[in-house]
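S.K.: Residue numbers (this note's numbering): 1 to 433.
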Ligand SMILES: *Cc1c(COP(=O)(O)O)cnc(C)c1O
């Protein structure tokens, strides 16, 4: 597999370099040089495949000879060892629940695959890298769980003391093994500053082999294309084509879908569902992309004013606005509409959504109003409702049951190192034998 920078189509790198470097030096993002179309046989058998078999076939087409087939097979089996159910709300509306991984959010797909890919490339090296992550809650736990017990890699998470929810703190601090949590006396910004400073500290960086697990890494994007094939496989018998609504913030999830479409996936339309952070919606209406400061909403993982994957979408469509609008539409909904939808869907379909999935549900039903009776639509469920208890429980006036895998974290004891907001302390901690 070869990749180029969105800033410079001529500068090519291999998968290993893109993986460990994260971002090209020219500040662009890495994109696959070629997105192959999948062969006829693949589509014929797709409804017979297990998730890992399908992920293997799609992964192999994208990664080419960069990864040994038997290693890739093992990687996808280990990374995607959880269910990905497609649930029917009605004969025309489905949801793909992407939140049955260990941290109950779809980011597990990206984080678990990237961790195993890194471990694969490191197997012949003697150094032991250290992944540094600053987190305000969710990203840290997806990365930590992704790398949990992955041989040869240490993870150090920095989180702001007293500023993450109890559930999040338990998820971050109870893992042990190769995962260390530092409870920083400061804010999320302070955590981020400590991490940035460490990456600029050449001596430390070389000594500890510091690596980032940033969300713009191409290795997190690739596995986010796999589940779109799975969605299609489950519905293949019912429909010729379908539409798919994706709750979007940084547009990494929908980017996986657009890559799948380029590989031949028969999704007639992707719906980018936005909350009040509507830079992309406005772009599709005006052809003018205007990043803005983010606005706080109840679907807070989508509170992004300047979506990082926008440049990847531009690259994929080569700036052809017509082609882009043939494939993608966008909608925007506010918190009030989102809350109403959660209540209504519970009443009407006995299905509990959380705020992100609810925005996608709203966008899907809005778009489908204009479609024929036998059309089929899927909205992606990106997080378990239990992750947004504060919003969901008061709305529906009932308790949400906590899944057993979360109970384990809730009942384990917290193991966090207190860390003052001071670079010298942090540096000494990382260097101590
Ligand atoms: C990250 C996240 C999103 C947004 O995904 P992008 O790839 O940034 O568009 C949506 N929902 C949840 C629950 C998330 O954690």
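Every residue gets a Cβ at the ideal spot worked out from N, C-alpha and C, and that includes glycine.
Using DSSP bridges, identify the partner residues of residue 417.
M.R.: Residue 417 pairs with 182.
S.K.: Evaluate residue 428 with the Cβ neighbour count: other Cβ atoms within 10 Å of its Cβ, from every protein chain shown; 16 or more gives buried, anything less gives exposed.
M.R.: Looking at its Cβ environment, which holds fewer than 16 other Cβ atoms inside 10 Å, residue 428 is exposed.
S.K.: Could you tell me whether the stretch 359-370 touches the stretch 306-314, using the rule of 3 or more Cβ pairs below 8 angstroms?
M.R.: In short, these stretches do not touch, since the Cβ pair count stays below three.
S.K.: Over what stretch of residues does the beta strand (DSSP E) that includes residue 68 continue unbroken?
M.R.: Looking at the DSSP string, residue 68 is not in any beta strand (DSSP E), and its letter there is neither H nor E.
S.K.: When DSSP labels each residue in this structure, what does residue 8 get in the three-state scheme?
M.R.: Strand, per DSSP.
S.K.: Give me the Cβ distance between residue 23 and residue 6, rounded to the nearest whole Å; I'm assuming they're in contact under 8 angstroms.
M.R.: Contact flag wrong, Cβ pair sits at about 10 angstroms.
S.K.: Excluding the 5 residues flanking residue 209 on each side, which residues of the same chain have their C-beta closer than 8 angstroms to its C-beta?
M.R.: These residues qualify, in order along the chain: 127, 128, 129 and 130.
S.K.: Given 7 angstroms as the limit, tell me if residue 100 has its C-beta closer than that to any heavy atom belonging to ligand 1.
M.R.: False, no ligand heavy atom lies under 7 angstroms from that Cβ.
S.K.: Consult DSSP for residue 120 and reduce its assignment to one of helix, strand or coil.
M.R.: Residue 120 falls in the helix class under three-state DSSP.
S.K.: Measuring from each Cβ to the nearest heavy atom of ligand 1, keep the ones under 6 angstroms and list them in chain order.
M.R.: Going along the chain, the residues that qualify are 105, 107, 138, 247, 248, 249, 250, 251, 252, 253, 301, 302, 356, 382 and 383.
S.K.: Just the C-alpha distance for residue 380 and residue 433, rounded to the nearest angstrom, thanks.
M.R.: Approximately 45 angstroms between the Cα atoms of the pair.
S.K.: Which stretch, first to last residue, makes up the alpha helix (DSSP H) that contains residue 252?
M.R.: Taken as a continuous stretch (DSSP letters only), the alpha helix (DSSP H) holding residue 252 covers 252-262.
S.K.: Using DSSP with H/G/I as helix, E/B as strand and the rest coil, what is residue 223?
M.R.: In the structure shown, residue 223 sits in a helix (DSSP, three-state: H, G or I).
S.K.: When we look at the beta-carbon of residue 336 and count the other beta-carbons within 10 Å, is it buried (16 or more) or exposed?
M.R.: Residue 336 comes out exposed.
S.K.: Okay, do the stretch 144-154 and the stretch 109-129 touch, 3+ Cβ pairs below 8 angstroms being the bar?
M.R.: At 8 angstroms Cβ cutoff, the stretches touch.
S.K.: Exposed or buried, which one is residue 297 when buried takes at least 16 other CB atoms within 10 Å?
M.R.: The residue is buried, with at least 16 neighbouring Cβ atoms inside 10 Å.
S.K.: Looking at the structure shown, is residue 169 part of a helix, part of a strand, or coil, going by DSSP?
M.R.: Helix.
S.K.: Residue 165 and residue 185 look like a contact to me (Cβ under 8 angstroms); what is the Cβ gap, rounded to whole Å?
M.R.: Not quite, the Cβ-Cβ distance comes to about 18 angstroms (not below 8 angstroms), so this is no contact.
S.K.: For residue 173 and residue 252, what's the separation of their Cα atoms in angstroms?
M.R.: Spanning the two alpha carbons is a distance of roughly 27 angstroms.
S.K.: Let me make sure I understand the geometry here. Which of 407, 135 and 295 has the alpha-carbon closest to that of residue 189?
M.R.: Taking only the C-alpha atoms, the option nearest residue 189 is 135.
S.K.: Which runs of the alpha helix (DSSP H), 4 residues or longer, sit entirely within the stretch 332-406?
M.R.: With a minimum length of 4 residues, the continuous alpha helix (DSSP H) runs that stay inside the stretch 332-406 are 335-349, 355-368 and 389-396.
S.K.: Just verifying my parser: in three-state terms, what is the DSSP assignment at residue 191?
M.R.: Correct three-state label for residue 191: helix.
S.K.: Between the Cα of residue 386 and those of 343, 103 and 192, spot the shortest distance and give me the residue it belongs to.
M.R.: Ranking 343, 103 and 192 by Cα distance to residue 386 puts 103 first.
S.K.: Go ahead and label residue 66 buried or exposed: buried means 16 or more other beta carbons lie within 10 angstroms of its beta carbon, across all protein chains shown.
M.R.: The residue in question, residue 66, is buried, as its Cβ has 16 or more Cβ neighbours within 10 Å.
S.K.: Please return the same chain residues whose Cβ sits closer than 8 angstroms to the Cβ of residue 199, not counting the five positions on each side in sequence.
M.R.: Excluding sequence neighbours, residue 199 sits near 132, 205, 210 and 212.
S.K.: With DSSP as the reference, identify every bridge partner of residue 473, one or two as the case may be.
M.R.: No information on residue 473 is available, as it lies outside the stretch 1 to 433 that the chain covers here.
S.K.: Would the beta-carbon of residue 249 fall within 8 angstroms of that of residue 302?
M.R.: A contact, by the Cβ cut-off of 8 angstroms.
S.K.: According to DSSP, simplified to helix, strand and coil, what is residue 197?
M.R.: DSSP places residue 197 in helix when its eight states are reduced to three.
S.K.: To the nearest angstrom, how far is it from the Cα of residue 78 to the Cα of residue 287?
M.R.: For residue 78 and residue 287, the distance between alpha carbons rounds to 42 angstroms.
S.K.: Which residue marks the beginning of the beta strand (DSSP E) containing residue 30, and which one marks its end?
M.R.: Note, residue 30: beta strand (DSSP E), 30-32.
S.K.: Can you give the Cα-Cα distance for residue 294 and residue 277, rounded to whole angstroms?
M.R.: If I take the Cα positions, the gap works out to 6 angstroms.
S.K.: Say whether the stretch 51-59 touches the stretch 70-86, bearing in mind that this needs 3 or more beta-carbon pairs closer than 8 angstroms, one atom from each stretch.
M.R.: As far as the Cβ criterion goes, the stretch 51-59 touches the stretch 70-86, which means the pair count is three or higher.
S.K.: Please determine, among 235, 268, 257 and 369, the residue with the shortest C-alpha to C-alpha distance to residue 46.
M.R.: For the residues 235, 268, 257 and 369, the minimum Cα distance to residue 46 belongs to 235.
S.K.: Count the other CB atoms, across all protein chains shown, that sit within 10 Å of the CB of residue 92; report buried if there are 16 or more and exposed otherwise.
M.R.: Counting Cβ neighbours within 10 Å, residue 92 comes out buried, since at least 16 surround it.
S.K.: Please report the straight-line C-alpha distance between residue 279 and residue 238, rounded to a whole angstrom.
M.R.: Answer to the nearest angstrom: the Cα atoms are 35 angstroms apart.
S.K.: The alpha helix (DSSP H) with residue 40 in it runs from where to where?
M.R.: Start and end: 40-45.
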